[in-house]
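*Asks:*
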Amino acid sequence: MSLVNENFLKLQDSYLFSTIAKKVEKFTKENPDKKVIKLGIGDVTKPIVPACIEAMHKAVEEMGTQEGFKGYGPEQGYDFLRKAIVENDYKTRNVELEPDEIFVSDGAKCDCGNIVDIFSKENKVAITNPVYPVYLDTNMMSGRNIVYLPVTEENNFIPELPKEKVDMIYLCFPNNPTGTVLSKEELKKWVDYAKENKSIILYDSAYEAFITDESIPHSIYEIEGAKEVAIEFKSFSKTAGFTGLRCAYVVVPKALKGYTKNGEEVLLNKLWNRRTCTKFNGVSYVIQRAAEATYSEEGKKQIKENIKSYLENAKLIKTGLEEAGFTVYGGENSPYIWLKVPKGMTSWEFFDKLLEKANVVGTPGSGFGDFGEGYFRLTAFGTIENSKEAIRRIKETMI
Ligand code: MLT
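First residue of the sequence shown: 13, per this note's numbering; consecutive thereafter.
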């Protein structure tokens, strides 16, 4: 008899974004004449920039030659990309990392979930509420104890340090879903807490490219001592529109230690490398060349333009909603707009009404946790035309 992992039975029946997709599919089938605008899942709409397309063409041609052909690549990523990451994403911010502290992967979602492999099931994990569901679900799947850190209007959506000792802490800034950012001083509190308690911070900075305020840190390693307590996740998905190409990376510094039950120190870089070699065969060469091209002069310029335009959408959505009388958070230094649903309505009721009346899709706050109830998330990743049209429809039908 094959026993199942019963922890799966404690999860919600369906992953949040699959539930939404199913609801939208049903609505579209029943209303084929309605043009639905999707501002739900944070998926990009701008095509891959020319610098990356050129790099991929070149890499494809190379693969068709005897000299340029590549079979299995290094599981951790090609050196050219690991070096480019170190130089461009870290050295420019005065953070010194070695290429072998970077692990190239096929997505931050997988990384945030897979990282739990190297940690004991006995660890207590702190997770904000509301939260990107992957952190919670993957830890529930392995049966860890969860400590919830409410992020609410009262604390400006900035989590407070846990009252009890925790071993692992997930932080995501700019935050998904609330769009909040953390200052260096606030982030330092977490690094200090982790040092004091020998905890590990799992820092998701997938949205750092949207930071325009120079005082806001892009990486946790901008905080002194963070290399001893934090793993960082970064993605080319939101930065360079790679949601369909798939490329991301994890930083596991060599200074980072975990412990055995006997209190012996273990290098986490070594464990993650071991896990990666066993369970992963690397991101395709062509895609890694595309990722490398995001750091070329042309690539940087082209990507910056795209980010600028998404940020303009964010501003337009935020301002439009405020004009319509909604209370709105986020939308600055972030592609996510977090709005309060009208009194007396749940997040899912607002979702249904928005879909039905305005034919606009968003994400109910309660889907990110019970402290998200009463809130709703819209993304700025749509086209400018759709963002404007969505606001026009919301003003016309929702107030
Ligand atoms: C979101 O909408 O929260 C994200 O796009 C989902 C993801 O990156 O997996």
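Just so you know, even glycine gets a beta-carbon here, dropped at the ideal spot from N, CA and C.
Between which two residues does the alpha helix (DSSP H) harbouring Tyr307 extend?
*Replies:* Tyr307 -> no alpha helix (DSSP H), and no H or E assigned at all.
*Asks:* List the DSSP bridge partners of Phe245.
*Replies:* Bridge partners of Phe245: Asp216, Val262.
*Asks:* If you scan the stretch 104-185 from start to end, which runs of the alpha helix (DSSP H) of 4 or more residues do you find wholly inside it?
*Replies:* Whole alpha helix (DSSP H) segments, 4+ residues: 120-126, 145-153.
*Asks:* Does the ligand MLT have even one heavy atom less than 7 Å from the beta-carbon of Tyr144?
*Replies:* Yes, the ligand MLT has a heavy atom inside 7 Å of this Cβ.
*Asks:* Which residues bound the beta strand (DSSP E) around Ile349?
*Replies:* Looking at the DSSP string, the run of the beta strand (DSSP E) that includes Ile349 is 348-352.
*Asks:* Which residue wins for smallest C-alpha separation from Ile158, given the options Asn17, Thr164, Lys177?
*Replies:* Nearest C-alpha to Ile158: Lys177.
*Asks:* For Glu236, name the three-state secondary structure that DSSP assigns.
*Replies:* Reduced to three states, the DSSP call for Glu236 is coil.
*Asks:* Does the distance between the C-beta of Lys422 and the nearest non-hydrogen atom of the ligand MLT fall short of 7 Å?
*Replies:* No answer is possible for residue 422: it lies beyond the span of the chain, which begins at 13 and ends at 411.
*Asks:* State yes or no: is the C-beta of Leu173 within less than 8 Å of the C-beta of Tyr205?
*Replies:* Yes.
*Asks:* Could you spell out where the beta strand (DSSP E) holding Tyr27 opens and where it closes?
*Replies:* Note, Tyr27: premise wrong, no beta strand (DSSP E); not H, not E.
*Asks:* Name, in chain order, the residues that DSSP records as bridge partners for Gly384.
*Replies:* Answer is none; Gly384 lacks a bridge partner.
*Asks:* Beta carbon of Asp364: closer than 7 Å to some heavy atom of the ligand MLT?
*Replies:* No.
*Asks:* Check whether the stretch 333-349 touches the stretch 186-193, counting contact only when three or more Cβ pairs, one atom from each stretch, lie closer than 8 Å.
*Replies:* With a cut-off of 8 Å, the stretch 186-193 and the stretch 333-349 count as touching, because enough Cβ pairs lie within range.
*Asks:* Would you check whether the ligand MLT has a heavy atom nearer than 7 Å to the C-beta of Gly54?
*Replies:* Yes - the ligand MLT has a heavy atom lying nearer than 7 Å to the Cβ of Gly54.
*Asks:* Three or more beta-carbon pairs under 8 Å between the stretch 332-344 and the stretch 397-409, yes or no?
*Replies:* In short, these stretches touch, since the Cβ pair count reaches three.
*Asks:* For Met75, which residues in the same chain have their Cβ closer than 8 Å to its Cβ, ignoring the five residues on either side in sequence?
*Replies:* Result list for Met75: Phe81, Lys82, Tyr297, Val298, in chain order.
*Asks:* Is any heavy atom of the ligand MLT found at a distance shorter than 7 Å from the C-beta of Asn293?
*Replies:* Checking the Cβ of Asn293 against the ligand MLT gives no.
*Asks:* How would you label Lys50, buried or exposed, when you count the other beta carbons within 10 angstroms and need 16 or more for buried?
*Replies:* Result: buried.
*Asks:* Note down the Cα distance separating Glu310 from Ala63, rounded to an integer number of angstroms.
*Replies:* Answer to the nearest angstrom: the Cα atoms are 6 Å apart.
*Asks:* Reducing DSSP to helix, strand and coil, say where Pro62 ends up.
*Replies:* Helix, per DSSP.
*Asks:* Where do the ends of the alpha helix (DSSP H) carrying Lys400 lie?
*Replies:* Start and end: 396-409.
*Asks:* May I ask you to check if the CB of Asn188 is nearer than 7 Å to at least one heavy atom of the ligand MLT?
*Replies:* Yes.
*Asks:* Quick check on Gly270: does DSSP put it in helix, strand or coil?
*Replies:* Three-state result, Gly270: strand.
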